[in-house]
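K.L.:
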Amino acid sequence: MTKTIRNFAAGAAMLALAACGSSEQAPQRLTGIGATFPEPIYTKWFSEYQKLHNEIQINYQGQGSGAGIRQVTDGTVDFGASDQPMTDEQIAAFKTARSSGILHFPTVLGAVVPTYNLAGISAELNFTPAALAGIFLGKIKKWNDPALVSANPDVKLPSAEIVVIHRSDGSGTSFVLTDYLSKVSPEWAAGPGRGAAISWPVGLGGKGNPGVVGLVKQTPNSIGYTEMIFAIQNSMPAGRMQNAAGKFIKATPESATEAAASVPMTADFRVSITNASGDGAYPISSFTWLLIPDKIQDAAKRTVIVDFLKWMLGPGQSMAPALQFAALPAPVLEKELQAINNIQ
Amino acid sequence: MATTPAALPDTRAKFIQRVRTGDPIAHTITGMAAASILAITGLLLYHLWAGSGLPRETFGWSFVTGSAWDPVAEKFGALPFIFGTVVTSIVALLVAVPVGLGAAIFLAELAPRRASDALTFMIELLAAVPSVIYGLLGIFLLVPFLQTSVVPALTATLGFLPIFQGQFLGVSIFSASMVLAIMIVPFIVSVSREVLLAVPQDQREAALALGSTRWESTWKVVVPYALRGILGSVFLALARALGETMAVTMVIGNKPQLSSSLLAPGYSIAAVIANEFAEASSQMHQQVLVELGLVLFALTVLINGAARLMIYSYKGAEK
Chain A
6 MTKTIRNFAA GAAMLALAAC GSSEQAPQRL TGIGATFPEP IYTKWFSEYQ KLHNEIQINY
66 QGQGSGAGIR QVTDGTVDFG ASDQPMTDEQ IAAFKTARSS GILHFPTVLG AVVPTYNLAG
126 ISAELNFTPA ALAGIFLGKI KKWNDPALVS ANPDVKLPSA EIVVIHRSDG SGTSFVLTDY
186 LSKVSPEWAA GPGRGAAISW PVGLGGKGNP GVVGLVKQTP NSIGYTEMIF AIQNSMPAGR
246 MQNAAGKFIK ATPESATEAA ASVPMTADFR VSITNASGDG AYPISSFTWL LIPDKIQDAA
306 KRTVIVDFLK WMLGPGQSMA PALQFAALPA PVLEKELQAI NNIQ
Chain B
24 MATTPAALPD TRAKFIQRVR TGDPIAHTIT GMAAASILAI TGLLLYHLWA GSGLPRETFG
84 WSFVTGSAWD PVAEKFGALP FIFGTVVTSI VALLVAVPVG LGAAIFLAEL APRRASDALT
144 FMIELLAAVP SVIYGLLGIF LLVPFLQTSV VPALTATLGF LPIFQGQFLG VSIFSASMVL
204 AIMIVPFIVS VSREVLLAVP QDQREAALAL GSTRWESTWK VVVPYALRGI LGSVFLALAR
264 ALGETMAVTM VIGNKPQLSS SLLAPGYSIA AVIANEFAEA SSQMHQQVLV ELGLVLFALT
324 VLINGAARLM IYSYKGAEK
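Chains as they are written, first to last, in the working numbering: chain A, 6 to 349; chain B, 24 to 342.
Here it is as structure tokens:
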């Protein structure tokens, strides 16, 4: 018995020594937590970046935008990521907790599409802002409502009851949709409002993008909403949205980039690009952001973050379209390259 | 006691030494194990209480009676979630207890031993299936089956009852109850079977000698003898049903509402915590979810306590 204990202790001591020894040449490790929507492109970026710099390891966990903001404020991670910009209160809380500011860096763009399950209809349906708001408010109850019929003169819409499907978990996708609906419908703004989790007037909740897609596929005459990527991956029909210029636009990486290009950018990058004015802009688009403290004590980490951001804004952007993410427009990239200098 | 250990023969001294020191050591170790359960429960309760100060002050008891759930306006009421949790668990038990007990009786009393062991092994495998798998099976197999076969038959025959009225969209309190029932049957079967097998053989023989049939001996002698253990299995199943998260959220519809119909969508406490906690960014929203944990804790204690009381009073009346 004592012998085993002694052996065990010796083994543990050796392990500890080994750990100390290797930490001398240990890779520079960075951790980030945040939004799930950009996780595929972030994972791709971090692994590509590591191929260029063997000594650097960036670990990203998609736990949700809320978790990203919370953990970066608590200082448990090196950076956060979010599908919605931090609120003024959250930034104030960050300042008191970390005695430094927080910078928002847009990375890519996403788009949220209405997706539906109508037997025999594979055409891309057109949705006006009023029709979409009416459906999610529960005011438009049937598929052959005049608001839908007049926007889709070539499609024979059934006289079936609409079943609304929404996200049950708090989500950046819901935030982007409700942010859009709040802009185009005063009734929505006064009622449910905008948020990652809201009180939905009608409908069933599905957990996560897969939950919503699953429910829409199984429920006849249903309508839901999901990130453009999930609709494409699951070969679901995606509706065309009427934008602020009055045109019906299909969601593509290009139309999302155009939305971003048509909105004036502010210095802190906290900009909502829903209902953008551009002619070819898809109206339910959004940035997704990396959240990075403007004071980083550890010089080595600071160098890595600055270098990664520069790489992400350069070669990184060209990897986005292959994964169905929209790249940032050139003026935004330029502005961000200047903002990197604010990291001290 | 008067003689000193040194005066005793060597082996006797060793024996007495063993008796004196061995038992206290075992006592301490097992006592500590028992105390750890108390400590974990205490810590859990403390954290749930300390982490939910803000909503407790803001809403007071109206939190438990309110039915609004609006994270944007920060209006929170837990009633629809309490309702969904309790109703799904009770309906699941109503389905699972007869099935589980029936299977246990067959496996313990009637089936050949070999078949019984093989079947029990399979049932124990079922108990080890992760709940997300049950949820997926629920949404892709059970829900379509309910939609095409079970619910039309139910509404045709029992449609006059308010609990089987209204539109059925697949995901509902009823679907969640059925998935839960399937999940908890293995617990009831495997524990109840063990308990029934532990009933002494003389009990059965005595009943048979008095002229009872095989079924009478099983139902009137063996089952009452094992009742306490069987109820234990039911409590275990109930606890699992009350706390089940993943499988429920996938098939319940996640709509916080009070509805008299089982065919309508609902929501449960565990499901809303899992759904909203990761993205709850305001202090209030986070703390409200912690308070829901507290409510679930209290609910479990209350339901288990009430069930136990009911059984004891029933037993008392019988005597």
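Even glycine gets a Cβ: it sits at the ideal position worked out from N, Cα and C. None of the values given here were measured: they were computed from a predicted structure.
(1) Decide if the region 321-329 of chain A is in contact with the region 38-53 of chain A; the criterion is three or more beta carbon pairs, one per stretch, under 8 Å apart.
(2) Can you confirm whether A/T279, when its beta carbon is compared against all beta carbons of chain B, has any partner nearer than 8 Å?
(3) So what's A/Q55 in DSSP terms, helix, strand or just coil?
(4) Does the beta-carbon of B/H70 have 16 or more other beta-carbons within 10 angstroms, so that it is buried, or is it exposed?
(5) Jot down the residue ranges of each uninterrupted alpha helix (DSSP H) in the region 113-156 of chain B, minimum 4 residues, whole runs only, in chain order.
(6) In whole angstroms, what is the alpha-carbon distance linking B/W72 and B/T53?
(7) Can you give me the Cβ contacts of B/Q178 inside the same chain, cut-off strictly under 6 Å, excluding the 5 residues immediately before and after it?
(8) Which whole-angstrom value describes the C-beta separation of B/T88 and A/S173, a residue pair presumed to lie in contact below a C-beta threshold of 8 Å?
(9) In its own chain, which residues sit with a C-beta less than 8 Å from the C-beta of A/P32, not counting the 5 before and 5 after it?
(10) Compare the C-beta of B/G193 with all C-beta atoms of chain A and state if any pair is closer than 8 Å.
(11) Measuring alpha carbon to alpha carbon, tell me which of A/A305, A/A165, A/F292 and A/A250 ends up nearest A/G285.
(12) Please classify A/I46: is it buried, with 16 or more other beta-carbons within 10 angstroms of its beta-carbon, or exposed?
(13) So, is the C-beta of A/A72 closer than 8 Å to a C-beta in chain B?
(14) Is A/A256 near A/V118, with beta carbons less than 8 Å apart?
(15) What residue ranges within the region 219-306 of chain A form continuous alpha helix (DSSP H) runs of no fewer than 4 residues, ordered along the chain?
(16) May I ask you to report which of helix, strand or coil DSSP gives A/W148?
(17) Would you say A/S354 faces chain B, with C-beta separation under 8 Å as the test?
(18) Which of helix, strand or coil does DSSP assign to B/W242?
(19) In the region 154-172 of chain A, which residues sit with their C-beta less than 9 Å from some C-beta in chain B, listed in chain order?
(20) Tell me which residues of the region 287-307 of chain B have at least one Cβ-Cβ distance to chain A shorter than 7 Å, keeping chain order.
(21) Mapping DSSP to helix, strand and coil, what is A/T133?
(22) Please classify B/H308 as buried or exposed, where buried requires at least 16 other C-beta atoms within 10 Å of its C-beta.
(23) If we ignore side chains and look at the alpha-carbon of each, how far apart do A/Q223 and A/W205 end up?
(24) Using a Cβ-Cβ distance cut-off of 8 Å, determine whether A/E339 contacts chain B.
(25) In the DSSP assignment, find the beta strand (DSSP E) that holds A/I38 and state where it starts and stops.
(26) Kindly indicate which three-state DSSP category A/V118 falls into: helix, strand or coil?
(27) Buried or exposed, going by whether 16 or more other CB atoms sit within 10 Å of the CB of B/I39?
(28) Would you kindly work out how many angstroms separate the C-alpha atoms of B/F168 and B/I275, rounded to a whole number?
(29) I want to see whether chain B comes within less than 8 Å of A/F330, judged by CB atoms only; does it?
(30) Of all the options B/K243, B/G107, B/F258 and B/E217, which has the alpha carbon lying nearest to the alpha carbon of B/L332?
(31) I want to verify the contact list: residues of chain B whose CB lies under 9 Å from the CB of A/S190, in sequence order.
(32) Quick one: list the residues of chain A neighbouring B/V95, beta-carbon separation under 9 Å, in chain order.
(33) Once DSSP output is grouped into helix, strand and coil, what is the label at B/I39?
(34) Could you check the C-alpha separation between B/L149 and B/I205 for me, to the nearest Å?
(35) I want to see whether chain B comes within less than 8 Å of A/P90, judged by CB atoms only; does it?
(36) B/V218: buried (16+ other C-beta within 10 angstroms of its C-beta) or exposed?
P.N.:
This is what the structure holds:
(1) yes
(2) Here residue 279 of chain A refers to the residue found at position 274 when the first sequence is read from its first residue. Output row for A/T279: interface = no.
(3) Numbered from its first residue, the first sequence carries residue 55 of chain A at position 50. Of the three classes helix, strand and coil, the one that applies to A/Q55 here is helix, per DSSP.
(4) As a position in the second sequence, residue 70 of chain B is number 47, starting the count at 1. Classification for B/H70: exposed.
(5) 136-150
(6) For the purposes of this step, residue 72 of chain B is taken as residue 49 along the second sequence, with counting starting at 1. For the purposes of this step, residue 53 of chain B is taken as residue 30 along the second sequence, with counting starting at 1. Near 29 Å, if we compare the C-alpha coordinates of B/T53 and B/W72.
(7) Along the second sequence, read from residue 1 onward, the residue named residue 178 of chain B stands at position 155. Checking the sequence, you will find Thr at residue 178 of chain B rather than Gln. The answer, listed in chain order, is F187.
(8) Indexing the second sequence from 1 puts residue 88 of chain B at position 65. Indexing the first sequence from 1 puts residue 173 of chain A at position 168. Rounded, the Cβ-Cβ distance is 23 Å, inconsistent with contact.
(9) The residue given as residue 32 of chain A occupies position 27 in the first sequence. N59, E60, I61 and Q62, listed in sequence order.
(10) Looking up residue 193 of chain B in the second sequence gives position 170. With 8 Å as the cut-off, B/G193 counts as an interface residue toward chain A.
(11) As a first step, residue 285 of chain A must be located in the first sequence, where it is residue number 280. Among A/A305, A/A165, A/F292 and A/A250, the Cα nearest to that of A/G285 is on A/A250.
(12) Working through the first sequence from its first residue, we reach residue 46 of chain A at position 41. Looking at its Cβ environment, which holds 16 or more other Cβ atoms inside 10 Å, A/I46 is buried.
(13) Indexing the first sequence from 1 puts residue 72 of chain A at position 67. By this cut-off, A/A72 is an interface position.
(14) Position 251 of the first sequence, counting from 1, holds the residue named residue 256 of chain A. Position 113 of the first sequence, counting from 1, holds the residue named residue 118 of chain A. Cβ atoms of A/A256 and A/V118: closer than 8 Å.
(15) 233-238 and 258-266
(16) Stepping through the first sequence from its first residue, residue 148 of chain A is reached at position 143. Residue state, collapsed to three classes: coil.
(17) The structure shown does not extend to residue 354 of chain A, since chain A spans only 6 to 349, so no value can be given for it.
(18) The residue labelled residue 242 of chain B in the question sits at position 219 within the second sequence. B/W242 falls in the helix class under three-state DSSP.
(19) E166, V168, H171 and R172
(20) P288, N298, E299, A301, E302, A303 and S304
(21) Here residue 133 of chain A refers to the residue found at position 128 when the first sequence is read from its first residue. The answer is coil: DSSP assigns A/T133 none of H, G, I, E or B.
(22) Counting from 1 along the second sequence, the entry for residue 308 of chain B is found at position 285. The residue in question, B/H308, is buried, as its Cβ has 16 or more Cβ neighbours within 10 Å.
(23) Against the first sequence, residue 223 of chain A aligns to sequence position 218. Against the first sequence, residue 205 of chain A aligns to sequence position 200. Distance between the alpha carbons of A/Q223 and A/W205 is about 21 Å.
(24) By 1-based counting over the first sequence, the position of residue 339 of chain A is 334. Answer no: the Cβ-Cβ gap between A/E339 and chain B never drops below 8 Å.
(25) Here the question's residue 38 of chain A lines up with position 33 in the first sequence. Its beta strand (DSSP E) spans residues Q33 to G39.
(26) Taking the first sequence and counting its residues from 1, one reaches residue 118 of chain A at position 113. A/V118: strand per DSSP, three-state reduction.
(27) Here residue 39 of chain B refers to the residue found at position 16 of the second sequence. So B/I39 ends up on the exposed side.
(28) The residue labelled residue 168 of chain B in the question sits at position 145 within the second sequence. The residue labelled residue 275 of chain B in the question sits at position 252 within the second sequence. Whole-angstrom Cα-Cα distance: 15 Å.
(29) Walking along the first sequence from the start, residue 330 of chain A turns up at place 325. Cβ-Cβ to chain B under 8 Å: no for A/F330.
(30) Position 309 of the second sequence, counted from the first residue, corresponds to residue 332 of chain B. Taking only the C-alpha atoms, the option nearest B/L332 is B/F258.
(31) Numbered from its first residue, the first sequence carries residue 190 of chain A at position 185. Here the premise fails: no neighbours, minimum Cβ distance about 15 Å.
(32) As a working note, residue 95 of chain B is residue 72 in the second sequence. The answer, in chain order, is T183, P197, G198, R199, G200, A202, I203 and S204.
(33) As a working note, residue 39 of chain B is residue 16 in the second sequence. The answer is helix: DSSP assigns B/I39 an H, G or I state.
(34) The residue you call residue 149 of chain B lines up with position 126 of the second sequence. The residue you call residue 205 of chain B lines up with position 182 of the second sequence. One C-alpha to the other measures close to 9 Å.
(35) Within the first sequence, numbered from 1, the residue matching residue 90 of chain A stands at position 85. Not one chain B Cβ lies under 8 Å of A/P90.
(36) Here the question's residue 218 of chain B lines up with position 195 in the second sequence. Buried is the call here.
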